[in-house]
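Here the sequence shown stands for residues 1 to 345, where the numbers follow UniProt numbering.
Every residue, glycine too, gets a C-beta built ideally from N, C-alpha and C.
Here the structure is a predicted model, which is why all the values come from computation and not from measurement.
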Amino acid sequence: MAAANNETDKVMRLHKATAYNWEAERNKYKDIQDDGTMSFFWQAHTILVLVLSSIALIYVTIFEETVDDSDYNMKRGIIAMLVTFLAVGVTQTPDGPLKRPHPAFWRLILCLSIAYELALVWLLFQSHNPKHGHMYFLPKIHKINPEVDKNIFKQGFNHSDIEVAYRPIVNKSNSPTCRIEKFLDLIFKPLLRKDPFFIQDSKDFIVKLEKEKIENKCFLIAYDVTSMYTNMQIKDLQETLVNNLEKIDKLSYNFQIPNLADLAELIKIVIENNEFEFNGHIYKQIIGAPMGGILSPTCTDLHLASILKMILDKFQYRTHIKLHCQYRDDGFMVFTGNMLQIEDF
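Here it is in C-alpha coordinates:
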(Lines of atoms letter the chains of each structure in order from A and count residues from 1; the text may use other names and numbers.)
(Lines give C-alpha, C1' and ligand atoms only; values in the text may rest on other atoms or scores of the structure.)
Protein backbone atom coordinates (compact mmCIF):
# COMPACT_ATOMS: atom_id res chain seq x y z
CA MET A 1 0.00 0.00 0.00
CA ALA A 2 2.81 2.38 0.91
CA ALA A 3 4.53 1.62 -2.39
CA ALA A 4 1.35 2.45 -4.28
CA ASN A 5 1.04 5.81 -2.50
CA ASN A 6 4.64 6.63 -3.33
CA GLU A 7 4.04 5.89 -7.01
CA THR A 8 0.98 8.18 -6.98
CA ASP A 9 2.93 11.02 -5.38
CA LYS A 10 5.66 10.64 -8.01
CA VAL A 11 3.12 10.84 -10.84
CA MET A 12 1.50 13.97 -9.34
CA ARG A 13 4.87 15.65 -8.84
CA LEU A 14 5.82 14.77 -12.42
CA HIS A 15 2.53 16.23 -13.72
CA LYS A 16 3.05 19.48 -11.82
CA ALA A 17 6.58 19.74 -13.14
CA THR A 18 5.71 19.13 -16.79
CA ALA A 19 2.24 20.72 -17.15
CA TYR A 20 1.73 24.49 -17.34
CA ASN A 21 0.04 25.91 -14.27
CA TRP A 22 -2.87 27.79 -15.84
CA GLU A 23 -4.48 28.34 -12.44
CA ALA A 24 -1.57 30.44 -11.30
CA GLU A 25 -1.70 32.37 -14.57
CA ARG A 26 -5.40 33.06 -14.03
CA ASN A 27 -4.88 34.29 -10.46
CA LYS A 28 -2.00 36.43 -11.60
CA TYR A 29 -4.35 38.68 -13.61
CA LYS A 30 -7.33 38.37 -11.30
CA ASP A 31 -7.08 41.98 -10.18
CA ILE A 32 -8.39 44.34 -12.89
CA GLN A 33 -5.85 46.98 -13.77
CA ASP A 34 -6.40 50.00 -15.98
CA ASP A 35 -3.92 49.88 -18.83
CA GLY A 36 -4.98 53.32 -20.04
CA THR A 37 -7.88 52.20 -22.19
CA MET A 38 -10.67 53.18 -19.81
CA SER A 39 -9.06 56.49 -18.94
CA PHE A 40 -8.69 57.17 -22.69
CA PHE A 41 -12.39 56.45 -23.23
CA TRP A 42 -13.45 59.07 -20.71
CA GLN A 43 -11.11 61.79 -21.94
CA ALA A 44 -12.66 64.95 -23.35
CA HIS A 45 -11.52 64.47 -26.95
CA THR A 46 -13.10 61.01 -27.14
CA ILE A 47 -16.44 62.32 -25.90
CA LEU A 48 -16.11 65.16 -28.43
CA VAL A 49 -15.79 62.64 -31.28
CA LEU A 50 -19.01 60.93 -30.22
CA VAL A 51 -20.88 64.23 -29.80
CA LEU A 52 -19.80 65.59 -33.19
CA SER A 53 -20.67 62.32 -34.94
CA SER A 54 -24.12 62.31 -33.35
CA ILE A 55 -24.72 65.95 -34.30
CA ALA A 56 -23.73 65.25 -37.92
CA LEU A 57 -26.14 62.32 -38.19
CA ILE A 58 -28.97 64.30 -36.56
CA TYR A 59 -28.40 67.18 -38.98
CA VAL A 60 -28.56 64.88 -42.02
CA THR A 61 -31.70 63.19 -40.73
CA ILE A 62 -33.72 66.28 -39.80
CA PHE A 63 -32.42 69.40 -41.51
CA GLU A 64 -30.72 68.41 -44.78
CA GLU A 65 -32.86 68.49 -47.93
CA THR A 66 -33.57 65.18 -49.65
CA VAL A 67 -31.50 64.50 -52.78
CA ASP A 68 -33.22 62.38 -55.45
CA ASP A 69 -30.02 61.10 -57.08
CA SER A 70 -29.78 57.50 -55.83
CA ASP A 71 -26.17 57.04 -57.00
CA TYR A 72 -25.06 60.18 -55.16
CA ASN A 73 -26.93 59.09 -52.03
CA MET A 74 -25.31 55.67 -52.15
CA LYS A 75 -21.82 57.19 -52.27
CA ARG A 76 -22.62 59.52 -49.37
CA GLY A 77 -24.00 56.61 -47.37
CA ILE A 78 -20.85 54.55 -47.89
CA ILE A 79 -18.64 57.47 -46.82
CA ALA A 80 -20.80 58.02 -43.72
CA MET A 81 -20.52 54.30 -42.88
CA LEU A 82 -16.72 54.47 -43.03
CA VAL A 83 -16.57 57.61 -40.89
CA THR A 84 -18.92 56.08 -38.31
CA PHE A 85 -16.94 52.85 -38.28
CA LEU A 86 -13.71 54.74 -37.57
CA ALA A 87 -15.34 56.83 -34.84
CA VAL A 88 -16.80 53.76 -33.11
CA GLY A 89 -13.58 51.80 -33.58
CA VAL A 90 -11.47 54.51 -31.94
CA THR A 91 -13.76 55.00 -28.95
CA GLN A 92 -14.64 51.32 -28.40
CA THR A 93 -12.90 49.76 -25.40
CA PRO A 94 -12.22 46.10 -24.62
CA ASP A 95 -13.48 46.50 -21.03
CA GLY A 96 -16.06 48.79 -19.50
CA PRO A 97 -17.73 49.45 -16.15
CA LEU A 98 -20.20 46.57 -16.68
CA LYS A 99 -19.30 42.90 -16.49
CA ARG A 100 -19.48 41.25 -19.89
CA PRO A 101 -20.59 37.73 -20.80
CA HIS A 102 -18.29 35.17 -22.39
CA PRO A 103 -15.85 36.90 -24.79
CA ALA A 104 -16.96 34.83 -27.80
CA PHE A 105 -20.61 35.72 -27.24
CA TRP A 106 -19.74 39.35 -26.61
CA ARG A 107 -17.71 39.65 -29.81
CA LEU A 108 -20.58 38.15 -31.84
CA ILE A 109 -23.11 40.60 -30.40
CA LEU A 110 -20.69 43.49 -30.89
CA CYS A 111 -20.11 42.64 -34.56
CA LEU A 112 -23.85 42.34 -35.23
CA SER A 113 -24.59 45.63 -33.48
CA ILE A 114 -21.88 47.44 -35.45
CA ALA A 115 -23.20 46.00 -38.74
CA TYR A 116 -26.73 47.09 -37.80
CA GLU A 117 -25.57 50.58 -36.88
CA LEU A 118 -23.64 50.96 -40.13
CA ALA A 119 -26.70 49.86 -42.10
CA LEU A 120 -28.80 52.49 -40.34
CA VAL A 121 -26.20 55.16 -41.09
CA TRP A 122 -26.23 54.15 -44.77
CA LEU A 123 -30.04 54.32 -44.90
CA LEU A 124 -29.98 57.90 -43.59
CA PHE A 125 -28.38 59.02 -46.83
CA GLN A 126 -30.67 57.15 -49.23
CA SER A 127 -33.68 58.43 -51.11
CA HIS A 128 -36.57 57.29 -48.99
CA ASN A 129 -39.47 57.27 -51.43
CA PRO A 130 -39.11 56.17 -55.07
CA LYS A 131 -41.28 58.41 -57.22
CA HIS A 132 -42.36 58.94 -60.79
CA GLY A 133 -40.05 60.48 -63.33
CA HIS A 134 -40.20 64.24 -63.70
CA MET A 135 -40.56 65.87 -67.12
CA TYR A 136 -38.91 69.15 -68.00
CA PHE A 137 -38.22 70.96 -71.28
CA LEU A 138 -34.77 71.53 -72.73
CA PRO A 139 -34.72 74.45 -75.21
CA LYS A 140 -33.11 73.82 -78.61
CA ILE A 141 -31.17 77.07 -78.68
CA HIS A 142 -29.18 75.93 -81.72
CA LYS A 143 -32.38 76.15 -83.78
CA ILE A 144 -33.13 79.81 -83.02
CA ASN A 145 -33.55 81.91 -86.17
CA PRO A 146 -30.16 83.54 -86.96
CA GLU A 147 -31.82 86.90 -87.67
CA VAL A 148 -33.49 86.86 -84.28
CA ASP A 149 -30.17 85.90 -82.74
CA LYS A 150 -28.52 89.01 -84.21
CA ASN A 151 -31.29 91.32 -83.02
CA ILE A 152 -30.92 90.00 -79.47
CA PHE A 153 -27.50 91.64 -79.16
CA LYS A 154 -28.51 94.84 -80.97
CA GLN A 155 -31.94 95.71 -79.61
CA GLY A 156 -32.59 93.39 -76.70
CA PHE A 157 -35.55 91.05 -76.71
CA ASN A 158 -38.71 89.88 -75.02
CA HIS A 159 -39.23 86.22 -74.26
CA SER A 160 -42.46 86.23 -76.27
CA ASP A 161 -40.61 87.37 -79.41
CA ILE A 162 -38.40 84.27 -79.59
CA GLU A 163 -39.75 81.02 -80.92
CA VAL A 164 -37.72 78.17 -79.49
CA ALA A 165 -38.37 74.47 -79.95
CA TYR A 166 -38.19 72.37 -76.82
CA ARG A 167 -37.10 68.82 -76.20
CA PRO A 168 -39.19 67.02 -73.52
CA ILE A 169 -36.88 65.20 -71.08
CA VAL A 170 -38.13 62.72 -68.47
CA ASN A 171 -35.75 62.42 -65.54
CA LYS A 172 -36.27 58.87 -64.23
CA SER A 173 -33.66 59.06 -61.49
CA ASN A 174 -35.00 57.37 -58.33
CA SER A 175 -38.05 56.09 -60.22
CA PRO A 176 -39.39 52.60 -59.34
CA THR A 177 -37.86 51.13 -62.52
CA CYS A 178 -34.55 53.02 -62.31
CA ARG A 179 -32.36 50.12 -61.16
CA ILE A 180 -34.06 47.63 -63.48
CA GLU A 181 -33.34 49.92 -66.44
CA LYS A 182 -29.68 50.23 -65.43
CA PHE A 183 -29.40 46.45 -65.20
CA LEU A 184 -31.03 45.86 -68.59
CA ASP A 185 -28.89 48.57 -70.16
CA LEU A 186 -25.75 46.75 -68.98
CA ILE A 187 -27.03 43.59 -70.68
CA PHE A 188 -28.13 45.05 -74.03
CA LYS A 189 -25.44 47.67 -74.62
CA PRO A 190 -22.79 45.06 -75.61
CA LEU A 191 -25.22 43.82 -78.29
CA LEU A 192 -25.45 47.32 -79.71
CA ARG A 193 -21.66 47.65 -79.94
CA LYS A 194 -21.55 44.57 -82.17
CA ASP A 195 -23.85 46.19 -84.72
CA PRO A 196 -21.86 47.05 -87.91
CA PHE A 197 -23.55 50.47 -88.23
CA PHE A 198 -23.03 51.58 -84.64
CA ILE A 199 -20.54 54.32 -83.77
CA GLN A 200 -19.84 55.29 -80.20
CA ASP A 201 -18.74 58.90 -80.68
CA SER A 202 -17.09 61.29 -83.14
CA LYS A 203 -13.67 59.73 -82.56
CA ASP A 204 -15.02 56.32 -83.50
CA PHE A 205 -16.56 57.86 -86.62
CA ILE A 206 -13.22 59.38 -87.70
CA VAL A 207 -11.43 56.06 -87.16
CA LYS A 208 -13.92 54.26 -89.42
CA LEU A 209 -13.59 56.94 -92.11
CA GLU A 210 -9.80 56.67 -92.09
CA LYS A 211 -9.97 52.91 -92.57
CA GLU A 212 -12.07 53.24 -95.74
CA LYS A 213 -10.62 54.07 -99.15
CA ILE A 214 -13.18 56.54 -100.48
CA GLU A 215 -13.32 57.22 -104.22
CA ASN A 216 -13.52 60.69 -105.71
CA LYS A 217 -16.78 59.98 -107.53
CA CYS A 218 -19.04 59.01 -104.67
CA PHE A 219 -21.91 60.48 -102.70
CA LEU A 220 -21.61 61.43 -99.03
CA ILE A 221 -25.10 61.11 -97.59
CA ALA A 222 -26.22 62.38 -94.19
CA TYR A 223 -29.73 61.71 -92.93
CA ASP A 224 -31.75 62.27 -89.80
CA VAL A 225 -34.56 60.20 -88.28
CA THR A 226 -37.37 62.59 -87.37
CA SER A 227 -38.46 62.36 -83.70
CA MET A 228 -36.91 58.93 -83.31
CA TYR A 229 -37.73 58.52 -79.62
CA THR A 230 -41.35 59.62 -79.77
CA ASN A 231 -42.29 57.97 -83.09
CA MET A 232 -41.46 54.41 -82.08
CA GLN A 233 -44.24 52.18 -80.82
CA ILE A 234 -43.86 50.69 -77.34
CA LYS A 235 -44.80 47.20 -78.55
CA ASP A 236 -42.16 47.39 -81.29
CA LEU A 237 -39.48 48.38 -78.77
CA GLN A 238 -40.47 45.55 -76.46
CA GLU A 239 -40.48 43.05 -79.32
CA THR A 240 -37.01 44.17 -80.46
CA LEU A 241 -35.51 43.70 -77.01
CA VAL A 242 -37.12 40.27 -76.60
CA ASN A 243 -35.87 39.18 -80.03
CA ASN A 244 -32.33 40.13 -79.03
CA LEU A 245 -32.41 37.98 -75.89
CA GLU A 246 -31.15 34.93 -77.79
CA LYS A 247 -27.93 36.79 -78.65
CA ILE A 248 -27.12 37.26 -74.97
CA ASP A 249 -26.03 33.62 -74.59
CA LYS A 250 -23.22 34.26 -77.09
CA LEU A 251 -21.73 37.05 -74.96
CA SER A 252 -19.79 36.85 -71.72
CA TYR A 253 -20.65 39.04 -68.74
CA ASN A 254 -18.86 39.53 -65.44
CA PHE A 255 -22.15 39.19 -63.56
CA GLN A 256 -24.92 36.62 -63.44
CA ILE A 257 -27.65 36.95 -66.07
CA PRO A 258 -31.24 35.88 -65.22
CA ASN A 259 -33.00 33.37 -67.43
CA LEU A 260 -34.64 34.62 -70.62
CA ALA A 261 -38.19 34.40 -69.25
CA ASP A 262 -37.32 36.66 -66.31
CA LEU A 263 -35.53 39.11 -68.60
CA ALA A 264 -38.58 39.27 -70.86
CA GLU A 265 -40.73 40.08 -67.83
CA LEU A 266 -38.32 42.82 -66.71
CA ILE A 267 -38.42 44.31 -70.22
CA LYS A 268 -42.21 44.39 -70.10
CA ILE A 269 -42.19 46.10 -66.69
CA VAL A 270 -39.84 48.84 -67.89
CA ILE A 271 -41.33 49.45 -71.34
CA GLU A 272 -44.96 49.55 -70.20
CA ASN A 273 -44.46 51.72 -67.10
CA ASN A 274 -43.50 55.15 -68.39
CA GLU A 275 -45.32 57.31 -65.87
CA PHE A 276 -43.98 60.79 -65.15
CA GLU A 277 -44.99 63.92 -63.28
CA PHE A 278 -45.41 67.33 -64.89
CA ASN A 279 -46.91 70.49 -63.42
CA GLY A 280 -48.39 68.59 -60.49
CA HIS A 281 -50.11 65.91 -62.61
CA ILE A 282 -49.19 62.30 -63.40
CA TYR A 283 -49.03 61.24 -67.06
CA LYS A 284 -48.21 58.01 -68.86
CA GLN A 285 -46.35 57.91 -72.16
CA ILE A 286 -48.13 55.46 -74.45
CA ILE A 287 -46.14 56.11 -77.65
CA GLY A 288 -42.38 56.04 -77.98
CA ALA A 289 -39.55 55.86 -75.47
CA PRO A 290 -39.09 58.65 -72.92
CA MET A 291 -36.15 60.93 -73.69
CA GLY A 292 -34.07 60.82 -70.54
CA GLY A 293 -34.95 57.21 -69.77
CA ILE A 294 -31.96 55.08 -68.83
CA LEU A 295 -32.81 52.25 -71.23
CA SER A 296 -34.26 54.50 -73.97
CA PRO A 297 -31.04 55.15 -75.98
CA THR A 298 -30.08 51.48 -76.13
CA CYS A 299 -33.52 50.10 -76.97
CA THR A 300 -34.25 52.74 -79.64
CA ASP A 301 -30.81 52.21 -81.21
CA LEU A 302 -31.41 48.46 -81.36
CA HIS A 303 -34.84 48.99 -82.90
CA LEU A 304 -33.50 51.45 -85.48
CA ALA A 305 -30.73 48.98 -86.33
CA SER A 306 -33.34 46.30 -86.99
CA ILE A 307 -35.29 48.70 -89.25
CA LEU A 308 -32.14 49.64 -91.20
CA LYS A 309 -31.24 45.98 -91.61
CA MET A 310 -34.70 45.27 -92.99
CA ILE A 311 -34.45 48.21 -95.44
CA LEU A 312 -30.96 47.27 -96.61
CA ASP A 313 -31.97 43.65 -97.16
CA LYS A 314 -34.52 44.91 -99.71
CA PHE A 315 -32.22 47.53 -101.25
CA GLN A 316 -30.96 46.12 -104.55
CA TYR A 317 -27.95 48.46 -104.73
CA ARG A 318 -26.61 47.59 -101.33
CA THR A 319 -23.19 46.67 -102.72
CA HIS A 320 -22.64 50.35 -103.59
CA ILE A 321 -22.71 51.28 -99.88
CA LYS A 322 -19.04 51.47 -98.89
CA LEU A 323 -19.61 52.85 -95.41
CA HIS A 324 -22.68 53.22 -93.23
CA CYS A 325 -22.54 54.74 -89.74
CA GLN A 326 -25.36 55.39 -87.31
CA TYR A 327 -25.39 57.36 -84.06
CA ARG A 328 -28.78 57.74 -82.42
CA ASP A 329 -31.02 59.47 -85.01
CA ASP A 330 -28.16 60.66 -87.25
CA GLY A 331 -26.78 58.54 -90.08
CA PHE A 332 -23.93 58.84 -92.57
CA MET A 333 -23.37 56.85 -95.75
CA VAL A 334 -20.73 56.65 -98.50
CA PHE A 335 -22.46 55.59 -101.72
CA THR A 336 -20.67 54.84 -105.01
CA GLY A 337 -23.77 54.56 -107.21
CA ASN A 338 -25.78 57.27 -108.96
CA MET A 339 -28.53 59.64 -107.87
CA LEU A 340 -31.37 57.48 -109.17
CA GLN A 341 -30.15 54.58 -107.09
CA ILE A 342 -29.99 56.82 -104.02
CA GLU A 343 -33.59 57.90 -104.56
CA ASP A 344 -34.57 54.24 -104.65
CA PHE A 345 -33.13 53.91 -101.15
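Of all C-beta pairs linking the segment 257 to 264 to the segment 198 to 206, fewer than three are shorter than 8 Å, placing the two stretches out of contact.
Residues of the same chain with a CB within less than 7 Å of the CB of Asp185, apart from the 5 flanking positions on each side, are Ile294, Leu295 and Thr298 in chain order. One alpha carbon belongs to Val225, the other to Tyr72, and they sit about 34 Å apart. His142 carries a helical assignment under DSSP once its states are collapsed to helix, strand and coil. Here the segment 325 to 340 does not lie against the segment 230 to 247, with fewer than 3 beta-carbon pairs under 8 Å apart.
Secondary structure at Asn259: coil, using DSSP grouped into helix, strand and coil. For Tyr327, the three-state secondary structure derived from DSSP is strand. One alpha carbon belongs to Lys250, the other to Met81, and they sit about 40 Å apart.
The C-beta distance from Ser175 to His132 rounds to 6 Å, short enough to fall under 8 Å. Note on geometry: alpha-carbon atoms of Ile114 and Val242 lie some 44 Å from one another. For Leu86, the closest of Tyr59, Ile58, Val60 and Val121 by C-alpha to C-alpha distance is Val121. At least 8 Å separates the beta-carbon of Leu245 from that of Ala222.
Comparing C-alpha distances from Phe188 to each of Glu64, Leu302, Tyr229 and Leu48 shows the shortest one belongs to Leu302. Inter-residue distance for Thr230 and Leu112 is about 51 Å (C-alpha atoms, whole angstroms). Taking 8 Å as the cut-off, the Cβ atoms of Thr177 and Ile269 count as close. DSSP places Glu277 within a strand segment (E or B) once states are collapsed to three. Counting only the Cα atoms, Glu163 lies some 21 Å from Met135.
Ranked by Cα distance from Lys284, the first of Thr300, Glu275 and Tyr59 is Glu275. Annotation for Phe188: the continuous alpha helix (DSSP H) segment containing it runs Cys178 to Arg193. Partner residues in the beta bridge of Val334, as assigned by DSSP, are Leu220 and Leu323.
Using a 10 angstroms sphere on the CB of Glu181, the tally of other CB atoms reaches 16 or more, which defines it as buried.
Secondary structure of Ile294 (DSSP, three-state): coil. Distance between His320 and Arg179, taken at the CA atoms: about 44 Å. Taking each of Phe278, Gly280, Ala289 and Asn279 in turn and checking the Cα distance to Glu272, the smallest one comes out for Ala289.
By a beta-carbon distance limit of 8 Å, Ala305 contacts Phe197. Their separation comes to about 6 Å. Looking at the DSSP output, Arg167 sits in a beta bridge with Leu138. For Leu340, the enclosing alpha helix (DSSP H) has its first and last residue at Met339 to Asp344. Buried is the label assigned to Val170, since at least 16 other Cβ atoms lie within 10 Å of its Cβ.
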